[in-house]
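Take a look at the structure set out below.
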Ligand code: MD3
Ligand code: FE
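Numbering (the UniProt record's numbering), first residue to last: 1 to 219.
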């Protein structure tokens with residue numbers, strides 16, 4: 001395959017239908033595509049108040065994903081553990097408010113998947129550069145585990161790793177492209193998942209990186 005073919009494949013995914021990735025997990029291909037510009041403006045405004053940073057796991061490892069948050073609480077990790085915190089530990093100030101463009105996208109996507117009235121109080125912003133990965137984990141720090149999580153992929157494509165309820169369950173691989181939204185509810189909400197090391201590439205809008213937004217009802 002030529003370099004040109006690889007580039008076209010990565011940036012123009014084949015037309016895809018709505019698809020259940022697991023029990024209660026619905027992929028909405030390209031759902032965010034028509035609002036990428038306001039989304040990125042909102043993310044940049046958040047980053048100015050609360051810059052991306054590499055957190056440390058309770059085990060002392062620096063995460064390769066760079067993170068920040070907006071909303072009433074933000075997800076943080078340090079030597080003492082994981083938690084949702086109303087303050088950015090780096091500045092000592094509250095996290096930036098969740099911009100309306102982000103709230104609206106999350107609520108619209110949740111409604112499209114059958115969840116009316118989704119009002120997330122936290123948005124975790126993850127940045128991946130080539131080589132960045134997110135190892136297999138569960139999201140269980142949220143108090144209300146009946147609410148879905150909504151994720152939005154922007155920029156370079158990623159290989160999403162999707163396991164099951166047990167760490168040892170077989171792991172499926174799904175490509176996530178620029179503009180894709182997934183609503184994670186039902187049993188899938190507690191499934192193990194991760195992101196394979198990001199491949200090199202350059203995206204026409206975001207350049208050599210991928211952003212992922214995850215909207216949560218944390219409290
Ligand atoms: C399945 N983020 O922030 S998005 C995370 O691309 C996280 O940055 C990945 O896993 C990323 O916790 C994956 C897809 C995703 C997000 C949350 C989930 C899948 C999920 C929560 C439960 C089950
Ligand atoms: Fe996760």
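Note that beta-carbon positions come from the ideal geometry of N, C-alpha and C, so glycine has one too.
In this text, all values refer to a predicted model and were calculated from it rather than measured experimentally.
With burial defined as no fewer than 16 other Cβ atoms inside 10 Å of the residue's Cβ, what is the status of residue i: buried or exposed?
i	result
residue 80	exposed
residue 182	buried
residue 66	buried
residue 216	buried
residue 83	exposed
residue 170	exposed
residue 87	exposed
residue 204	exposed
Between residue i and residue j, what straight-line distance do the alpha-carbon atoms span, to the nearest angstrom?
i	j	result
residue 103	residue 96	13 Å
residue 136	residue 100	31 Å
residue 38	residue 202	21 Å
residue 178	residue 92	33 Å
residue 55	residue 90	10 Å
residue 40	residue 60	31 Å
residue 128	residue 118	27 Å
residue 122	residue 48	17 Å
residue 133	residue 116	32 Å
residue 153	residue 45	18 Å
residue 63	residue 33	29 Å
residue 157	residue 108	23 Å
residue 114	residue 194	25 Å
Spatial neighbours of residue i within its chain, please: CB distance less than 8 Å, with the 5 preceding and 5 following residues excluded, ordered by chain position.
i	result
residue 18	26, 27, 28, 29
residue 50	68, 69, 70, 74, 88, 90, 91, 95, 96
Can you give me the start and stop residues for the alpha helix (DSSP H) that residue i sits inside?
i	result
residue 41	36-49
residue 85	Taken as a continuous stretch (DSSP letters only), residue 85 belongs to no alpha helix (DSSP H), being part of the beta strand (DSSP E) at 81-85.
residue 105	100-112
Locate the beta strand (DSSP E) running through residue i, then write down its first and last residues.
i	result
residue 127	122-128
residue 158	158-162
residue 76	74-78
residue 68	66-71
residue 19	19-22
Spatial neighbours of residue i within its chain, please: C-beta separation below 6 Å, excluding the five flanking residues on both sides.
i	result
residue 172	162
residue 167	192
residue 188	22, 23, 24, 25
residue 8	For residue 8, the predicted model reports a pLDDT of 46, less than 50, meaning its position is unreliable; a value from the coordinates is still stated below. Contacts found: none.
residue 149	184, 214, 216
residue 124	69, 75, 214
residue 197	131, 133
Next item on the list: At 3 residues or longer, and completely inside the UniProt domain "Fe2OG dioxygenase" (119-219): list those beta strand (DSSP E) runs for me, N to C.
Entry: 122-128, 134-137, 149-155, 158-162, 172-176, 181-184, 193-195, 210-216
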